[in-house]
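Encoded as structure tokens, the structure appears first; notes follow it.
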Amino acid sequence: MAVHIIKKPAVGNRRQRRKAETWVPELERMSHDVKRAVLKMAASLDEPAAQADPANVPASPSDVGQLLRRTAEYMKLLRRISEAALQGDDKRLRSLIVKSLTSCNAKIAALVRVHARNNARRTLNALRQESDEIDLTQPCLEPVRVWWKKKPNGGHRPIGESGPIRFAMQLMLRDVLVAAGEDNPHEFACRRRGPHKAADFIAANIRSGVRYWATLDITNCFPSVKPEHLKDMFPIDHAMLVHAAFIPEGAPLTPLPGATGGGSSATAVRHGLPQGSPVSPKLASGLIGRLLRSLEGDYRVICYGDNIALGAEAQGEVETGVHTLGERLALLDAGPLALGKIELFEADSYVDFMQFRIGAMWSEGEFVDDTYRRPSGEAFERRRRRMCERLRRFPDDTPREVIEKALADYDFAWMRSMKWPNLQLGPSHAANILDLLAAQRDALIREIFDYGLPDEIAGKL
Numbered sequence: 028m029a030v031h032i033i034k035k036p037a038v039g040n041r042r043q044r045r046k047a048e049t050w051v052p053e054l055e056r057m058s059h060d061v062k063r064a065v066l067k068m069a070a071s072l073d074e075p076a077a078q079a080d081p082a083n084v085p086a087s088p089s090d091v092g093q094l095l096r097r098t099a100e101y102m103k104l105l106r107r108i109s110e111a112a113l114q115g116d117d118k119r120l121r122s123l124i125v126k127s128l129t130s131c132n133a134k135i136a137a138l139v140r141v142h143a144r145n146n147a148r149r150t151l152n153a154l155r156q157e158s159d160e161i162d163l164t165q166p167c168l169e170p171v172r173v174w175w176k177k178k179p180n181g182g183h184r185p186i187g188e189s190g191p192i193r194f195a196m197q198l199m200l201r202d203v204l205v206a207a208g209e210d211n212p213h214e215f216a217c218r219r220r221g222p223h224k225a226a227d228f229i230a231a232n233i234r235s236g237v238r239y240w241a242t243l244d245i246t247n248c249f250p251s252v253k254p255e256h257l258k259d260m261f262p263i264d265h266a267m268l269v270h271a272a273f274i275p276e277g278a279p280l281t282p283l284p285g286a287t288g289g290g291s292s293a294t295a296v297r298h299g300l301p302q303g304s305p306v307s308p309k310l311a312s313g314l315i316g317r318l319l320r321s322l323e324g325d326y327r328v329i330c331y332g333d334n335i336a337l338g339a340e341a342q343g344e345v346e347t348g349v350h351t352l353g354e355r356l357a358l359l360d361a362g363p364l365a366l367g368k369i370e371l372f373e374a375d376s377y378v379d380f381m382q383f384r385i386g387a388m389w390s391e392g393e394f395v396d397d398t399y400r401r402p403s404g405e406a407f408e409r410r411r412r413r414m415c416e417r418l419r420r421f422p423d424d425t426p427r428e429v430i431e432k433a434l435a436d437y438d439f440a441w442m443r444s445m446k447w448p449n450l451q452l453g454p455s456h457a458a459n460i461l462d463l464l465a466a467q468r469d470a471l472i473r474e475i476f477d478y479g480l481p482d483e484i485a486g487k488l
């Protein structure tokens, strides 16, 4: 099990030295998040928020003190789980995980984060009563609210919005997975990484000679992952994992008013790992990571959710890796998973991954040992669709100057999200990229005033 441990100087007393020897960054960040959530429980509420929910009662100073002590004890338990994982003591590890998933302190720490996320307040007694309803040994029949999120490339994905009890169960499960080091070392869809770091990783490998890449995704990844796929994969009681991570048949589903899924049913959230759960990405990433680690060969691997980039120094090696991964996904005992869109790239031209295009930089026909990074074609197309969505909100008689300013403001925000000053655009892109953005904005505005209704424009895309 890959536990990310950072060795810190052994200073202070014995207790401080022991903590320094097993310092897990993710647990320390979790500890800070929990403390902030506890302090938020004591913050005062404005009058409308207090009237909207009678249970919104700020915690007293004594409640906050007890909550801080309880959550500190919980973090100690998670550190003991990390120690057991590091030592390879599987029996102790499983025992501590069961203790964590049944601990009252763990339940309260999870509920505090749930309510802080919803900007709600609870006293210690209210949290104790609510924690009695959390039982990972039984299916959770709490209602689930369902809505549909539009996919960037068309279609909808069903999102299951859990209530406080199920969401707390999911947080508890995610906590022990983090503590046990059950993560995917190739995963970039996490805190302190992200698509920019993924693009940097590809660029660094291109400069070191890895010129051939394949990008692929797993078709309907989350809905395709069944409980049987995760059996015996993690050091967690399988029944507890299933009760926390999956939505049972008996749980009522309530579509949000006005939500539409393009014809898909609300029951789709029961198919596989529910999207919208804090633990689903961790479980899916763990499954994908194990399959990728089983590949034989000198590959450079990046995962971003269910999107994968596979790099090697030879084109044949990349093609073999993609073929082997597809075979192993198709032959899973619990049911096949399928690769979706597969694209092969040569870095001498470019590599498209997520929202960036990365490639080797050339000067007068020679590689200059550098790379460029710019927004990909998909990123530009997504920007265009978002602009059209904004244009649809304007009335027909909106002045042209208002529309131009709105689109220019969106472009400024889009460039900030792309960390525009840090892009290595290359000589063939740097001169005309801003002109290209302005030309695209002007083309959209001309279409509005030539064709009239913004809905007609959106319908062409």
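Residue numbers for the sequence shown follow the working numbering, so the first one is 28 and each next one is one higher.
Just so you know, even glycine gets a beta-carbon here, dropped at the ideal spot from N, CA and C.
None of these values were measured; they are calculated from a predicted model.
Distance check between Met414 and each of Val296, Leu464, Val378 and Pro282 places Leu464 closest, using alpha-carbon atoms only. Taking the Cβ atoms as the reference, His270 lies roughly 5 angstroms from Leu163, within the contact range of under 8 angstroms.
Between the stretch 248–262 and the stretch 376–383, the count of Cβ pairs shorter than 8 angstroms is below three; the stretches do not touch.
Taken through DSSP and simplified to helix, strand or coil, Thr150 comes out as coil. Here the stretch 85–96 makes contact with the stretch 147–161; the two share three or more CB pairs at distances below 8 angstroms. Secondary structure remark: continuous alpha helix (DSSP H) runs of at least 4 residues inside the stretch 158–193: none found. Sixteen is the threshold: when 16 or more other Cβ atoms of the shown chains lie within 10 Å of the Cβ of Lys134, as they do, the residue is buried. By the neighbour-count criterion, in which a residue is buried when 16 or more other Cβ atoms sit within 10 angstroms of its Cβ, Gln165 is exposed. Assigned with DSSP and collapsed to three states, Tyr331 falls in strand.
Residue pairing by DSSP places Arg400 opposite Ile385 in a beta bridge. Asp116 and Cys248 do not touch by the CB rule: their CB atoms are close to 33 angstroms apart, not below 8 angstroms.
Close CB contacts of Val65 within its chain, under the 7 angstroms cut and outside five residues either way in sequence, are with Val91, Leu94, Leu95, Thr98 and Val139 (chain order).
Along the length of the stretch 81–148, whole alpha helix (DSSP H) runs at least 4 residues long occupy 88–114, 117–128 and 131–144, reported in chain order. In this structure, DSSP gives Ile369 an extended state, which the three-state scheme calls strand. Counting the other Cβ atoms within 10 Å of the Cβ of Gly324 gives fewer than 16, which makes it exposed.
For Ile472, the closest alpha carbon among the candidates Trp441, Glu428 and Asp436 is that of Glu428. DSSP, reduced to helix, strand and coil, places Gly277 outside both helices and strands of the structure shown, so it counts as coil. Under DSSP, Val306 shares a beta bridge with no residue. The bridge partners DSSP lists for Gly343 come to none. The beta-carbon separation of Arg419 and Trp441, rounded to 18 angstroms, does not stay under the 8 angstroms limit for a contact.
Burial state of His142 is buried, judged by a 10 Å Cβ sphere holding 16 or more other Cβ atoms. When only Cα atoms are considered, Ser189 and Ala272 end up about 11 angstroms apart. For Leu66, the enclosing alpha helix (DSSP H) stretches over residues Pro52 to Lys67. Leaving aside the five residues that flank Glu370 on each side, the residues in its chain whose CB is nearer than 8 angstroms to its CB run, in chain order, Ala241, Thr242, Leu243 and Asp379. In terms of Cα proximity to Ile430, the closest of Val296, Gly277, Ala470 and Leu54 is Ala470. Among the bridge pairs identified by DSSP, Val378 is matched with Ile385. Residues Ala230, Ile233, Arg234, Ile385, Gly386, Ala387, Met388 and Gln451 of the same chain have their beta carbon placed closer than 7 angstroms to that of Thr398, with the five preceding and five following residues left out of the count. Taken in chain order, the complete alpha helix (DSSP H) segments of 4 residues or longer contained in the stretch 228–259 are 248–251.
With respect to the C-alpha of Ala374, the residue from Asp462, Leu356, Ala341 and Ala147 having the closest C-alpha is Ala341.
Sequence-distant partners of Ala361 (beyond 5 residues in either direction) whose C-beta falls short of 6 angstroms from its own C-beta, in its chain, are Lys253, Glu255 and His256.
Taking 9 angstroms as the cut-off, the beta carbon of Val328 is found no closer than this to the beta carbon of Arg201. At the C-beta level, Val173 and Ile186 come within 9 angstroms of one another.
Cys330 is a Cβ neighbour of Asn211, given a cutoff of 9 angstroms. By the CB criterion at 9 angstroms, Ala86 and Arg149 fall inside the cutoff. Across the structure, Glu405 and Ser376 are spaced so that their CA atoms are roughly 17 angstroms apart. The beta-carbon distance between Ala293 and Leu280, rounded to whole angstroms, is 5 angstroms. This is short enough to meet the 8 angstroms contact definition.
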